[in-house]
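The numbering used here numbers the first residue of the sequence shown as 451 and each following residue consecutively.
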Amino acid sequence: MGKLYIIYFSPTGGTKKAAGIIGSAWDCEKEEIDLLNPDRDLSKCRFGGDDVCIVAVPSFGGRVPGTALERLAMLQGGKASAVLVAVYGNRDYEDTLLELKDTLDGAGFFCAAAVAAVAEHSIIHKFGEGRPDDRDKSELAAYAQRIRKHLEDGGSKGEVKVPGSRPYREYNGVPMKPAADKSCIRCGRCAKECPVQAIPQDDPAGVDRERCISCMHCIAVCPVKARHNNKLLLSAAAQKMKKSCGGRKENQLFLP
Ligand SMILES: Cc1cc2nc3c(=O)[nH]c(=O)nc-3n(C[C@H](O)[C@H](O)[C@H](O)COP(=O)(O)O)c2cc1C
Ligand code: SF4
Ligand code: SF4
């Protein structure tokens, strides 16, 4: 095979973690492509038929975050084999894998395998807390070995089928728009790294609520933990989601 690419959109790190565990099954030359990084010219990312691309996104409302879709559509798949990974916070991922597959098909990839993986919920951390845990790690590593073998055998059974339906379920965002409290030291890191420039450079404690996609990256990168969601909104959401996010949701592997 050619090279292994690990391509991810991971605002708070759970998606990157799951993709990394899967990627560790390959010992060839590897490259990471961080879709959050605005400096990378993705239209220059061209892959070849011998390459394997692990493409990992979080599920937002059972869909792929729109910003991730826009960035994935810029890649030039060149018939590289794609391993699709949808990472979700212990509720459900509904149409995420299907939307990811449709986008990657459109960008010229060959979708060979797919994984749904659970990670800690990036808004309400008690759901899926600590995941991927040791059990997840061994499950994902075992999936990766099976995917690798499937690809080495020529992936001859055609492209993968994934769950989901069209039209995709509606997702209109969530009301969580993090802002900073008085402990903000105006370092500017959140403003620099926000994937949609929703934090004004000259007022980094604030947030443009219209632009913000509620990805929680700014909370994750703030060095003094100054950014928060509204506490009342959080506790109302936690209460509402208690049933749907309860129990232990499983990882899943899809091969043709
Ligand atoms: C705006 C938003 C919407 C989300 N929607 C869902 C969802 O529909 N189902 C689910 O199980 N988890 C949901 N989650 C949780 C994330 O999918 C999960 O925490 C994922 O690991 C986040 O990826 P990251 O750690 O790479 O940022 C949502 C998280 C955010 C921020
Ligand atoms: S302001 Fe919104 S979009 Fe920007 S990093 Fe924070 S949560 Fe994400
Ligand atoms: S990263 Fe934190 S401390 Fe730095 S500007 Fe943003 S909110 Fe303020």
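Note that the Cβ used here is the ideal one computed from N, Cα and C, for glycine as well. As the structure is a prediction and not an experimental result, all values here were calculated from the model.
query                                                                                                                                                                                           : result
Quick one: grab the DSSP three-state call for Asp-491.                                                                                                                                          : coil
In chain order, what residues of the same chain have a beta carbon less than 6 Å from the beta carbon of Pro-508, not counting five sequence neighbours either side?                            : Thr-465 and Val-537
Between the Cα of Asn-457 and those of Val-502, Asp-477 and Asp-489, spot the shortest distance and give me the residue it belongs to.                                                          : Note that residue 457 is Ile in the sequence shown here, rather than Asn. Of the candidates Val-502, Asp-477 and Asp-489, the one whose C-alpha sits nearest the C-alpha of Ile-457 is Val-502.
Cβ of Ala-655 versus every heavy atom of ligand 4: is any distance shorter than 7 Å?                                                                                                            : With respect to ligand 4, the structure offers nothing, as its ligand set consists of ligand 1, ligand 2 and ligand 3.
Using 8 Å as the threshold, is the segment 589–609 in touch with the segment 558–574, meaning 3 or more CB pairs across them?                                                                   : yes
Tell me where the beta strand (DSSP E) around Leu-705 begins and ends.                                                                                                                          : No beta strand (DSSP E) holds Leu-705; DSSP gives it neither H nor E.
Under 6 Å Cβ to Cβ from Lys-581, same chain only, skipping five residues before and after it: list those, please.                                                                               : Checking the sequence shown, residue 581 turns out to be Arg, not Lys. Cβ within range, chain order: Val-568, Ala-569 and Glu-570.
Tell me which same chain residues have a C-beta within less than 6 Å of the C-beta of Phe-756, skipping the five on either side of it?                                                          : Outside the displayed range of the chain (451 to 706) lies residue 756, so it cannot be described from this structure.
Using only the alpha-carbon positions, how far apart do Arg-541 and Pro-617 sit?                                                                                                                : 20 Å
In the structure shown, what three-state DSSP assignment does Ser-685 receive?                                                                                                                  : helix
Give every residue of the same chain whose Cβ lies closer than 6 Å to the Cβ of Gln-651, excluding the five residues on either side of it in the sequence, and list them in chain order.        : Ala-641
Within the same chain, show all residues whose beta-carbon is closer than 6 Å to that of Ser-694, passing over the 5 residues directly before and after it, in chain order.                     : Arg-541
Rounded to the nearest angstrom, what separates Gly-742 and Val-535 at their Cα positions?                                                                                                      : Nothing can be reported for residue 742: it is not among the residues displayed for the chain, which extend from 451 to 706.
If you draw a straight line from the alpha carbon of Arg-496 to that of Tyr-543, how long is it in whole angstroms?                                                                             : 28 Å
Buried or exposed: where does Leu-590 fall if 16 or more other Cβ atoms within 10 Å of its Cβ makes it buried?                                                                                  : buried
Starting from the C-beta of Gln-510, find all residues in its chain whose C-beta is less than 7 Å away, skip the five residues before and the five after it, and write them out in chain order. : First, the amino acid is wrong: residue 510 is Phe here, not Gln. Contacts found: Tyr-621.
Just to check, is the beta-carbon of Pro-628 closer than 7 Å to a non-hydrogen atom of ligand 2?                                                                                                : yes
Please list, in chain order, all residues of the same chain as Phe-704 whose beta carbon is under 6 Å from its beta carbon, the five residues on each side excluded.                            : Ala-564, Val-610 and Val-612
Give the secondary structure of Tyr-458 by DSSP, where H, G and I count as helix, E and B as strand, and everything else as coil.                                                               : strand
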